[in-house]
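Enquirer:
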Amino acid sequence: MSLTNEHIRQRLTEKFGEALAFEEPHNMLTVTAPADHNLKVLQFLYDDEQLRFRFLTDLTGVHYPERSGEELGVVYHLHNLTDNVRLRLKVFVPVEKPDVFTATKLFPGANWMERETYDFFGINFVGHPDLRRILNADEMDYFPMRKEYTLEDPQRTDKDDEMFGR
Amino acid sequence: MDQHQHIKLAEESLAKQTTTLNLGPTHPATHGVFQNILEVDGERVLQTEPTIGYIHRAFEKISERRPYYQITPLTDRLNYCSAPINNIGWHLTVEKLLGIKTPKRVDYLRVIIMELARIADHLVCNSVIGVDTGALTGFTYVFQYREKIYEIFEEVCGSRLTTNIGRFGGFERNFTQAAWDKLDGFMQTFPKAFQEFETLLNRNRIFMERCMGAGPLTAEMALAYSVTGPNLRAAGVDYDVRVASPYSSYEDFDFKIPVGSTGDVYDRFMVRNMEIWESMGIIAQALEKLKDLDPSVYHADVPEFYLPDKKDVYSKMEALIYHFKIIMGETEILPGEVYHAVEGGNGEVGYYLISDGGRSPYRLHFRRPCFIYYQVYPEIIKGGLLSDAIVTLSSLNVIAGELDA
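The listed protein sequences correspond, in order, to chains Z and F.
Okay, so the first sequence: first residue is 3 according to this note's numbering, each after it adds one.
Okay, so the second sequence: first residue is 2 according to this note's numbering, each after it adds one.
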């Protein structure tokens, strides 16, 4: 494997300076970028002759209600198939204005993945050609994967599980 | 709700004199619950509007409230044609998070189970391509071998289709003698039967004419649309997770990755056929390797995560404590973030897991290969015949459970 996490990190820092934050959980380089930088970073990762992250493995969302100002996250998993290196890119947006630029121009396959993320988290992918719900019913007026929608009816009083779980 | 919402004609279809054809959601030729609204001119497909989500069961949401070991049965129901691969993929993900190292024998047993599941998955897909082109015989013939694979699963874990096979760290019990006998029986009888299946279709002029050139997918397009698995390999890209990022000791095995060139229905069919042979080779190698290993090992020694034997729970204090803690979700799960992928029947099955240290995952996302590559379907059938659209759909092997999660 010629391309190391250290090298990717160096290239990205040269290009974007201090804007990016890095982590390495379980050996996968995880880059956190400002929300308006997502396309620039993706484009750079795609175009750069050394990095060549040209395969979008996965795109999904995550909700952290306690992080004020950056509650909603979009997580991209990219794969450089030539050097066989994976990379994770995250951007965070406030829940009041969850706007993220669409990656569909770069990766046509992002189309349904972004629709799914919109469907469940309500992230608004700016510039998406067809941002509609995909798995849930069209009439639904909320985003079910957000943490405020508990799985069980919170009004329920007949069940006491105080002793169980954390 | 607008009562006319389902009657949606494509724009100016009346003026253009094209026909709107509703295929699905429950049409016998779609092999699953999904709908396609086709715009056809005579027999040519002009435009397709797929609707999915008919069997969406909110697995990702449900997982956020379940202890880890109760998520395994949810993964069964993703690609239910090869449920063991999903189960083991999930176990491997959690093992990666917890840092559990499994013994070689567990890895090889898992490889055997996963390759059997792959054979079963590919058998369904390929024999159904035969059915959709009018050759029912092959289907009825090879399906009894899928049945034999299910009998092996039954011996190992007690169930057939939705297997819930294995535990974190290994298997719930060792393979019985009956399981080994059934596996040997399968290894001896299947190659001959599959050979006959191939003789029936591979060089069959009618079948070839029917499949060649139908639903072609180029390598560039496949990569742009994040297609993985046999469909990507049929387009000529040799990406296989088993080789690219080996898991469960796949690096110990010697096997080839079959690739196609044109990415049409015939190539996809042939790639799957070749993969069945490769899987048979992998199982044979695994059986050979198992001979040198201690036959009593079938799980890793991780008592805090692996459910103890029931008779130990009744007679030993430690086993009782661990049993209680695991069932009550009181085991310590480390916070962390992992992505782990396995090569499923249809491509890269990925699990993206965020743990905050609680008893259930904070977030669990399934990368379902079907969901991602099904969006290429309208593109590859455009301009082709309606009958090609049907056979293309079955050659993509879209499994509704995996599509909708």
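Idealized CB from N, CA, C, for every residue including glycine.
As the structure is a computational prediction, the values presented were derived from the model and not from experiment.
1) How many angstroms separate the CA atom of Val128(Z) from the CA atom of Arg117(Z)?
2) Over what stretch of residues does the beta strand (DSSP E) that includes Ala30(F) continue unbroken?
3) List the endpoints of the continuous alpha helix (DSSP H) containing Arg364(F).
4) Can the beta-carbon of Thr104(Z) be found less than 8 Å from the beta-carbon of His79(Z)?
5) Tell me, please, which residues DSSP counts as bridged to Leu233(F).
6) Rounded to whole angstroms, what's the CA-CA distance from Val132(F) to Phe191(F)? Just pull it up for me.
7) Output, in sequence order along the chain, the residues in the region 33 to 59 of chain F whose CB is closer than 8 Å to any CB in chain C.
8) When the Cα atoms are used, what is the spatial distance from Val77(Z) to Val93(Z)?
9) Distance check for Leu47(Z) and His57(F), CA to CA, integer angstroms please.
10) What does Thr106(Z) reach in chain F if we use C-beta pairs closer than 8 Å?
11) Is the shortest distance between the beta-carbon of Val128(Z) and the beta-carbons of chain F less than 8 Å?
12) Given this structure, state the Cα-to-Cα distance separating Asp60(Z) from Gly100(F), to the nearest angstrom.
13) Determine, using beta carbons only, whether Leu153(Z) and Glu65(F) come nearer to each other than 8 Å.
14) Where does Pro51(F) fall in DSSP's three states?
15) I need the boundaries of the alpha helix (DSSP H) containing Glu252(F), first residue and last residue.
16) Any idea if Gly43(F) is buried or exposed, counting beta-carbon neighbours within 10 angstroms, 16 or more meaning buried?
17) Quick one: is Lys383(F) near chain Z, going by C-beta distance under 8 Å?
18) Alpha carbons only, please: which of Val43(Z), Thr6(Z), Pro146(Z) is nearest the one belonging to Thr125(Z)?
19) Cα separation between Thr27(F) and Gly33(F)?
20) At 4 residues or longer, and completely inside the region 191 to 243 of chain F: list those alpha helix (DSSP H) runs for me, N to C.
21) Output, in chain order, the set of chain Z residues within a Cβ distance shorter than 7 Å of Phe372(F).
22) Jot down the residue ranges of each uninterrupted alpha helix (DSSP H) in the region 68 to 155 of chain Z, minimum 4 residues, whole runs only, in chain order.
23) Whose C-alpha, out of Thr34(Z), Pro36(Z), Phe122(Z), Pro110(Z), is nearest the C-alpha of Asn138(Z)?
24) Quick check: Phe306(F) and Ile327(F), are their CB atoms within less than 8 Å of each other?
25) What three-state label does DSSP hand Ala301(F) in the structure shown?
26) Please tell me whether Ser227(F) has its Cβ less than 8 Å away from any Cβ of chain Z.
Expert: Let's see:
1) 12 Å
2) Per DSSP, Ala30(F) belongs to no beta strand (DSSP E) and is neither H nor E.
3) Per DSSP, Arg364(F) lies in no alpha helix (DSSP H) segment; the continuous beta strand (DSSP E) that holds it begins and ends at 364 to 368.
4) Cβ distance not < 8 Å, so Thr104(Z) and His79(Z) don't count as in contact.
5) DSSP output for Leu233(F) lists no bridge partner at all.
6) 20 Å
7) Absent from the structure: chain C. Protein chains present are Z and F.
8) 7 Å
9) 34 Å
10) What Thr106(Z) touches in chain F: nothing, since even the nearest Cβ is about 10 Å away.
11) no
12) Here the alpha carbons of Gly100(F) and Asp60(Z) stand approximately 24 Å from one another.
13) yes
14) Here Pro51(F) carries a strand assignment [DSSP, helix/strand/coil].
15) No alpha helix (DSSP H) contains Glu252(F), which DSSP labels as neither H nor E.
16) exposed
17) no
18) Rather than Thr, the amino acid found at residue 125(Z) in this sequence is Ile. Closest by C-alpha distance to Ile125(Z), out of Val43(Z), Thr6(Z), Pro146(Z), is Pro146(Z).
19) 7 Å
20) 206 to 212, 220 to 225, 231 to 235
21) Trp114
22) 112 to 123
23) Phe122(Z)
24) yes
25) Correct three-state label for Ala301(F): coil.
26) At least one CB of chain Z lies nearer than 8 Å to the CB of Ser227(F).
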